[in-house]
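Residue numbering for the sequence shown is 211 to 281, as defined by the working numbering. We put the CB at the ideal spot given by N, CA and C, even for glycine.
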Amino acid sequence: MGDGHVRCILAGREGGRLKAIAFSSVPEGVRALLTKPPSLCHIAGFLRADNWNGRDDVQLMVHDAAYADSA
């Protein structure tokens, strides 16, 4: 990935998984949250069709992220 870009897989409590990517993320912001061990968080973004190497897929384009309260 390019400088400041992060690709990851988000997993929900019920087992659902979704590919995600964040562009131009700073080390102390979204990138820090997405590259740390799994934790409960809120993710804001939009879904985008992704066709790479002949494969059709969907990925979340991450705009922002924040840790969720554990309560």
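- Assigned with DSSP and collapsed to three states, residue 232 falls in strand.
- A distance of 8 angstroms or more separates the beta carbons of residue 270 and residue 243.
- Per the C-alpha coordinates, the member of 279, 220, 273, 213 positioned closest to residue 246 is 220.
- The Cβ atoms of residue 214 and residue 241 lie closer than 8 angstroms to each other.
- Under the three-state reduction of DSSP, residue 243 is assigned to helix.
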